[in-house]
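Positions in the sequence shown are counted from 1; adding 18 to them yields the working numbering.
The beta carbon of each residue, even a glycine, is placed where N, CA and C say it ideally should be.
This one's a predicted model, so the numbers in the text were calculated from it and none came from an experiment.
Have a look at the structure below, then the notes.
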Amino acid sequence: MYLHEEKILKALQSWERGEPGALAELMPLVCGDLCQLASSLLRREAEGHTLEPGALVSEVYLRLNGLRSARWESRTHFYNFVIRLMRQILVDHARTGKRMKRGWGGQHLPLESAADQAAGAPEQRALNDALLDLRRIDPQRFKIVALRCFVGLTVEETAAACGVSLSTVKRDWCEARVWLRRALTGDALQKRDPC
19 MYLHEEKILK ALQSWERGEP GALAELMPLV CGDLCQLASS LLRREAEGHT
69 LEPGALVSEV YLRLNGLRSA RWESRTHFYN FVIRLMRQIL VDHARTGKRM
119 KRGWGGQHLP LESAADQAAG APEQRALNDA LLDLRRIDPQ RFKIVALRCF
169 VGLTVEETAA ACGVSLSTVK RDWCEARVWL RRALTGDALQ KRDPC
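Structure follows, in structure tokens:
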């Protein structure tokens with residue numbers, strides 16, 4: 019596992035330096051992870067979406083290939099960027115689909131409205147809002163949630179990526195889940211959650 023991570027870091031650094039073929043070298047190393055991320059995000063989409071995980075990963079590749087410059091602090095930084103990129107692709111795809119259904123002459127919507135419509139079900143919008151709130155008020159817990167849920171890292175890998183102890187990750191992971199559950203249900207009671 020460590021050797022694989024080292025190869026990813028070397029490819030990211032090569033890409034950062036602008037070396038030709040660096041992205042092509044990186045993609046086979048991260049393709050499996052990107053497909054898992056894509057599948058995870060697509061499972062949360064409204065029923066009837068038309069994107070497949072492979073198509074989402076291909077679109078990510080095209081957008082990454084179009085970057086003029088990239089600066090990656092770590093493998094985690096790259097994956098966090100990819101998650102945001104995938105979400106933007108899904109928003110763009112949903113917005114285009116709605117525009118196609120309305121016909122090209124449809125009215126223009128403010129970005130916030132389009133993002134709300136594209137986000138799918140109200141539950142997904144609520145989760146997205148809760149995650150954005152968590153990122154704003156507690157960036158470390160947000161990072162732990164993102165690494166565990168979207169990147170699929172273990173507790174040990176998350177601790178290494180964040181530079182904190184296992185007990186810190188376990189505690190923050192538990193408390194972030196409780197906070198998200200309360201944010202989603204509106205339950206302000208201080209019930210103990212069995213993490």
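**OP:** Quick one: give me the first and last residue of the alpha helix (DSSP H) that aspartate 190 is part of.
**Re:** Translated into positions along the sequence shown, residue 190 becomes position 172. Counting along the chain, the alpha helix (DSSP H) containing aspartate 190 begins and ends at 184–203.
**OP:** Take every Cβ of the region 41–52, pair it with every Cβ of the region 25–33, and state whether three or more of those distances are shorter than 8 Å.
**Re:** yes
Original post:
For the 8 Å Cβ check, are there 3 or more pairs between the region 150–164 and the region 176–190?
Top reply: yes
Original post:
Where does threonine 176 fall in DSSP's three states?
Top reply: As a first step, residue 176 is located in the sequence shown; it is residue number 158 there, counting from the start. Threonine 176: helix per DSSP, three-state reduction.
Original post:
If we count the other Cβ atoms within 10 Å of its Cβ and call it buried at 16 or more, is threonine 176 buried or exposed?
Top reply: Position 158 of the sequence shown, counted from the first residue, corresponds to residue 176. Looking at its Cβ environment, which holds 16 or more other Cβ atoms inside 10 Å, threonine 176 is buried.
Subject >> Close Cβ partners of leucine 103 (< 8 Å) along its chain, the five nearest in sequence each way excluded >> reply: In the sequence shown, residue 103 corresponds to position 85, counting from 1. Contacts found: Val78, Arg81, Leu82.
Original post:
For leucine 198 versus valine 163, is the C-beta distance shorter than 9 Å?
Top reply: To locate residue 198, count along the sequence shown from 1; it is residue 180. To locate residue 163, count along the sequence shown from 1; it is residue 145. Yes; because the gap between Cβ atoms is below 9 Å, this pair is in contact.
**OP:** Kindly list the residues whose CB is nearer than 7 Å to the CB of lysine 161, restricted to its own chain and excluding five residues on each side of it in sequence; keep chain order.
**Re:** On the sequence shown, residue 161 is found 143 positions in, with the first residue counted as 1. These residues qualify, in order along the chain: Cys180.
Subject >> Buried/exposed call for threonine 203, threshold 16 Cβ in 10 Å >> reply: Reading the sequence shown from its first residue, position 185 is the one you call residue 203. When all chains shown are included, threonine 203 counts as exposed.
Original post:
What are the boundary residues of the alpha helix (DSSP H) that includes arginine 61?
Top reply: Within the sequence shown, residue 61 is the residue found at index 43, counting from 1. Here the alpha helix (DSSP H) through arginine 61 covers 40–61.
Original post:
Near serine 57, which residues of its chain fall below 7 Å by C-beta distance, leaving aside the five closest residues on each side in sequence?
Top reply: Locating residue 57 in the sequence shown gives position 39, counting from the first residue. Once the five neighbours on either side are set aside, the close Cβ partners of serine 57 are Pro71.
Original post:
In three-state DSSP terms, what is glutamine 31?
Top reply: For the purposes of this step, residue 31 is taken as the residue at position 13 of the sequence shown. In this structure, glutamine 31 counts as helix in the three-state DSSP scheme.
Original post:
Under 9 Å, do leucine 59 and leucine 108 count as touching if we go by C-beta distance?
Top reply: Within the sequence shown, residue 59 is the residue found at index 41, counting from 1. Within the sequence shown, residue 108 is the residue found at index 90, counting from 1. Cβ distance < 9 Å, so leucine 59 and leucine 108 count as in contact.
**OP:** Output the boundary residues of the alpha helix (DSSP H) element that contains glutamate 77.
**Re:** Position 59 of the sequence shown holds residue 77. 71–83 is the span of the alpha helix (DSSP H), which, as asked, contains glutamate 77.
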